[in-house]
Amino acid sequence: MKQHSECPVCGGQSFTSARKPYYFRGKREEFNIDSCNKCGFWFTNPAPEGAELAAYYESDDYVSHTDGKGGLMDQVYGIVRKRAIKSKFNLVSNLNAPLKSLVDYGAGTGEFLKYAQGQNWEVKGFEPSNVARENASKKGLDLRDPENREELDKGSVGVFTLWHVLEHIPDLNETLQYFHSRLAKGGYLVLALPNHESEDSEYYKSDWAALDVPLHLWHFCKGDIQNLAEKHGFSLKQVYNMPFDSFYVSLLSEKNRYGKQRPVQAFWQGLRSNIKGGSSERNMSSLIYVLEKKA
Ligand SMILES: [Zn+2]
C-alpha cells in the first residue's frame, strides 16, 4: 500500500478523512479517502499499487473489459454506453481540433474509437487490460498497452479522450504532462469523471458507488480540474453534465447501502441529483471537462 504524504494537486501535507467506503466488487474491505486541508482534493489513502492494485480489477464485476452481456447492471451499463458513444463523438467533433487525430486513453474494448474511425478520424488507443485489447482486436483495432505510450510523437494528437479513466491512473501528474506534450497546440484533452460534489454523492456518502475504491485512486470535483489544468498548461474551456450516470451510479449505490437492487429508489435519487445538479453550481453525478492546451 502506498501512503501519500503529499497532496498530488497542491503538495499540501495535512489531510482530513472525508469518506470510508468499501470495495464492493469482491470481498468487503474498507478504504480511506483523505481530503487535502489546503486545496480540498480527495484521494484514496493509503492506496494499493502495482500487482496489489491489479488484483482488485480481477473481479467478474468489472464490465469495462468485456462487452457487458451479463446481469441487469451489465446490461444497463451496456445500453447507456452505446447511446453515449454518439453524443461523445459529437462533442469531440464539434471542438474543431487542429488535427483529426484522436487518441482514446483507457479505450476499453474500443467501441468509441471504432465509431470515430467510421467518421473518418485517425484513431489510436491505449488500454492496459489484455482481455479488453483482445476484444478490441476482434473489431480490427490495434490498441496498445499504456507502457508503450512514449511511442506517440510529440505534438501529434488533436484530441485525447479519457472516459472515466483518469481516476484510475496512479501517476496523475506525469500522465497529464504526457498529454500536454503529445497534443498539438490548441489540441484538447477531454475528461469524463465522477463528481463528488453532486447530490447523489452527498446522499449516499461512503456508499456512493462512484467512489469505487480502490480502483479509483483520485476523486475529482470542478475545483480540482481547474487547479490541475493551470498546473499543467491547459485552460478549462467547458464542463458538461452526464445525466445518465446519476441513475446508473444510484442503482449501484442502493445495492451498496441495502445489499439488494432497489430500482425505484435509485431512479428517484438519480432524478433528484439531476434536478439539483442541473439548476445549481453543484452539477451532476459525472462531468465531462474540456481542456485546451495553451501555447
Ligand atoms: Zn491539495
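So the sequence shown is numbered by my numbering: it starts at -9 and just counts up by one.
The beta carbon of each residue, even a glycine, is placed where N, CA and C say it ideally should be.
Remember, predicted model here, so these are calculated numbers, not experimental data.
Could you pull out every residue in the same chain whose Cβ sits closer than 7 Å to the Cβ of residue i, ignoring the five residues on either side in sequence?
{"i": "N246", "result": "F14, D197, A199"}
{"i": "R262", "result": "E189"}
{"i": "S155", "result": "Going by the sequence as given, residue 155 is Val instead of Ser. The answer, listed in chain order, is Y95, G96."}
{"i": "A219", "result": "S225, L226, L281"}
{"i": "L166", "result": "L218, H222"}
{"i": "E19", "result": "Y12, Y13"}
{"i": "Y193", "result": "Q259"}
{"i": "L133", "result": "A97, G100, G115, F116, E117, R123, A126"}
{"i": "L162", "result": "P(-2), W208"}
{"i": "D74", "result": "Before going further, note that residue 74 is Ala rather than Asp in the sequence given. If we look at A74 and ignore the five residues flanking it on each side, its Cβ neighbours are F234."}
The beta strand (DSSP E) with residue i in it runs from where to where?
{"i": "N231", "result": "224 to 231"}
{"i": "F116", "result": "112 to 116"}
{"i": "R9", "result": "5 to 9"}
{"i": "K221", "result": "From DSSP, K221 is part of no beta strand (DSSP E) but of the alpha helix (DSSP H) over 212 to 221."}
{"i": "F150", "result": "147 to 153"}
{"i": "D24", "result": "23 to 26"}
{"i": "W32", "result": "32 to 34"}
{"i": "I278", "result": "276 to 283"}
Skipping 5 residues on each side, what residues in its chain have a beta carbon closer than 8 Å to that of residue i?
{"i": "H158", "result": "G96, L205, H206, L207"}
{"i": "K72", "result": "E101"}
{"i": "M(-9)", "result": "P36, A37, P38, E39, E42"}
{"i": "V93", "result": "V113, K114, G115, F116, L142, V147, V149, F150, T151, R172"}
{"i": "S7", "result": "N22, I23, D24, S25"}
{"i": "P88", "result": "G148, A174, K175, G176, G177"}
Within its chain, find whatever has a CB closer than 6 Å to the CB of residue i; leave out the 5 residues flanking it on each side and keep chain order.
{"i": "I265", "result": "none"}
{"i": "S240", "result": "D190, A256, Q259, G260"}
{"i": "S91", "result": "E112, V147, G148"}
Out of the options, state which residue places its alpha-carbon closest to the alpha-carbon of residue i.
{"i": "L152", "options": "G145, S4, V180", "result": "V180"}
{"i": "V66", "options": "K283, F79, P253", "result": "P253"}
{"i": "H186", "options": "E(-4), C(-3), N138, D24", "result": "D24"}
{"i": "R272", "options": "R123, N231, Q216", "result": "N231"}
{"i": "V(-1)", "options": "N84, Q251, K212", "result": "K212"}
{"i": "G177", "options": "E112, A285, N163", "result": "A285"}
{"i": "V149", "options": "D235, N80, R18, E192", "result": "N80"}
{"i": "L131", "options": "T99, N120, N138, R139", "result": "T99"}
{"i": "K28", "options": "E48, F5, A44, P160", "result": "F5"}
{"i": "I215", "options": "F31, K10, C(-3)", "result": "F31"}
{"i": "K17", "options": "G2, S(-5), Y47", "result": "Y47"}
{"i": "K104", "options": "Q251, N86, L85, K128", "result": "K128"}
{"i": "S(-5)", "options": "F33, K10, R9", "result": "F33"}
{"i": "A182", "options": "L277, G268, E164", "result": "L277"}
{"i": "G268", "options": "V121, Q109, P233", "result": "P233"}
{"i": "A45", "options": "S119, P136, K250, F210", "result": "S119"}
{"i": "M274", "options": "G61, G68, Y238", "result": "Y238"}
{"i": "L242", "options": "K283, K195, Y279, S270", "result": "K195"}
{"i": "A106", "options": "N86, V82, V121", "result": "V82"}
Within the continuous alpha helix (DSSP H) that includes residue i, where are the two ends?
{"i": "F169", "result": "162 to 172"}
{"i": "G98", "result": "Counting along the chain, G98 falls outside any alpha helix (DSSP H), and DSSP gives it neither H nor E."}
{"i": "V82", "result": "62 to 83"}
{"i": "N86", "result": "Here N86 belongs to no alpha helix (DSSP H), and DSSP marks it neither H nor E."}
{"i": "S263", "result": "253 to 268"}
{"i": "N125", "result": "120 to 127"}
{"i": "L43", "result": "40 to 45"}
{"i": "S191", "result": "189 to 194"}
Counting only C-beta atoms, is residue i closer than 8 Å to chain C at any point?
{"i": "P36", "result": "Protein chain content of the structure displayed is limited to a single chain, and chain C is not contained in it."}
Q) Around ligand 1, what residues have a beta-carbon under 5 Å from a heavy atom of it, in chain order? A) C(-3), V(-1), C0, G2, C26, K28, C29, F31
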